[in-house]
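Residue numbers (the working numbering): 67 to 314.
Idealized CB from N, CA, C, for every residue including glycine.
Data first, discussion second: the structure below is written as structure tokens.
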Ligand SMILES: NC(=O)c1ccc[n+]([C@@H]2O[C@H](COP(=O)([O-])OP(=O)(O)OC[C@H]3O[C@@H](n4cnc5c(N)ncnc54)[C@H](OP(=O)(O)O)[C@@H]3O)[C@@H](O)[C@H]2O)c1
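This is the structure in structure tokens:
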């Protein structure tokens, strides 16, 4: 098996389920040591047990800036640095504005935007240091969404706003860090089968309207691994990946 990420450390937020869990597995298969971050310790420990010396579990809420900063320092002490950061932790609730719960809106902003900012801020000095080291490159990949490119339906309201926000932040960071050899990219999935889409009903709706069904989390994990294993001279800045049957 090819292990292009041998010797590197990857931090994956939201590694306890769905796209984050699949991405952690895929990065470990590609040779990385993976720091698994999320709130559900039992899920993280079970994945870490499966991945053996390739993974370590860290229980943290990405909306808690101080806890995130402490966790990133712990990862650096345990695993030696940060070569790859995957900002994946996210939350989505799709309700028309007139019926929405304001606390749900704030939760999406706190997790999808606040979590990306806190984790990126904490990891940044380590990513720059990694890019100055022997490998000469480091990566930040943020899992945005088709909803980060366009508002496909009104109930996407705040979810789409959070994903547009991380897109803008990511592009600014890309411009700032290009000369320092830290690549910054976005993966923009369409509908993926996960707890998120099962919980908000999107999976069930899509399943009945798309002959080939939704994507699996592994389809997005493949995109992340592709991005972070390019030669140093090539930076894949954006990947929009939809189920074949998804029209919007
Ligand atoms: N599924 C889709 O169709 C789809 C499409 C486009 C984009 N996305 C994006 O893909 C990402 C992953 O979603 P998913 O579909 O894989 O959903 P998921 O299975 O529900 O996974 C969400 C992950 O985020 C973590 N998380 C949520 N709040 C957190 C917090 N406050 N602190 C730390 N971790 C937190 C959860 O872990 P804990 O609960 O253990 O903390 C979980 O591991 C999200 O950013 C989502 O917006 C998904």
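For residue i, collect the residues of the same chain with a Cβ closer than 8 Å to its Cβ; drop the 5 residues on either side in sequence, then sort them by chain order.
{"i": "residue 195", "result": "147"}
{"i": "residue 317", "result": "As displayed, the chain neither begins before 67 nor continues past 314, which places residue 317 out of reach and without an answer."}
Considering only their Cβ atoms, is the gap separating residue j from residue i smaller than 8 Å?
{"i": "residue 145", "j": "residue 99", "result": "yes"}
{"i": "residue 224", "j": "residue 281", "result": "no"}
{"i": "residue 296", "j": "residue 302", "result": "yes"}
{"i": "residue 177", "j": "residue 208", "result": "no"}
{"i": "residue 226", "j": "residue 232", "result": "no"}
{"i": "residue 245", "j": "residue 156", "result": "no"}
{"i": "residue 46", "j": "residue 101", "result": "Shown here, the chain extends from 67 to 314; a query on residue 46 therefore has no answer."}
{"i": "residue 298", "j": "residue 202", "result": "yes"}
{"i": "residue 141", "j": "residue 77", "result": "yes"}
Identify, in the order they occur along the chain, each residue of the same chain with its Cβ nearer than 6 Å to the Cβ of residue i, setting aside the five sequence neighbours on each side.
{"i": "residue 294", "result": "150, 205"}
{"i": "residue 239", "result": "250"}
{"i": "residue 285", "result": "none"}
{"i": "residue 287", "result": "88, 89, 92"}
{"i": "residue 291", "result": "92, 96"}
{"i": "residue 315", "result": "The displayed coordinates of the chain run from 67 to 314. Any statement about residue 315 would go beyond what the structure contains."}
For ligand 1, any of its heavy atoms closer than 7 Å to the Cβ of residue i?
{"i": "residue 193", "result": "no"}
{"i": "residue 257", "result": "yes"}
{"i": "residue 157", "result": "yes"}
{"i": "residue 178", "result": "yes"}
{"i": "residue 223", "result": "no"}
{"i": "residue 240", "result": "no"}
{"i": "residue 164", "result": "no"}
{"i": "residue 227", "result": "no"}
{"i": "residue 146", "result": "no"}
{"i": "residue 131", "result": "no"}
{"i": "residue 209", "result": "yes"}
{"i": "residue 298", "result": "no"}
{"i": "residue 127", "result": "yes"}
{"i": "residue 233", "result": "no"}
My output table needs one value for residue i: the three-state DSSP class, helix, strand or coil.
{"i": "residue 279", "result": "coil"}
{"i": "residue 129", "result": "coil"}
{"i": "residue 253", "result": "strand"}
{"i": "residue 153", "result": "strand"}
Might you give, ordered along the chain, the residues of its own chain that have their beta carbon closer than 7 Å to the beta carbon of residue i, omitting 5 neighbours on each side?
{"i": "residue 137", "result": "103, 124, 126"}
{"i": "residue 211", "result": "229, 254, 255"}
{"i": "residue 221", "result": "160, 161, 162"}
{"i": "residue 260", "result": "83, 84, 85, 283"}
{"i": "residue 187", "result": "none"}
Contact criterion: CB-CB distance below 8 Å. Does residue i meet it with respect to chain D?
{"i": "residue 121", "result": "Any reference to chain D falls outside this structure, which holds one protein chain only."}
Would you list the residues sitting across from residue i in a DSSP beta bridge?
{"i": "residue 75", "result": "99"}
{"i": "residue 291", "result": "Answer is none; residue 291 lacks a bridge partner."}
{"i": "residue 123", "result": "102"}
{"i": "residue 208", "result": "153, 252"}
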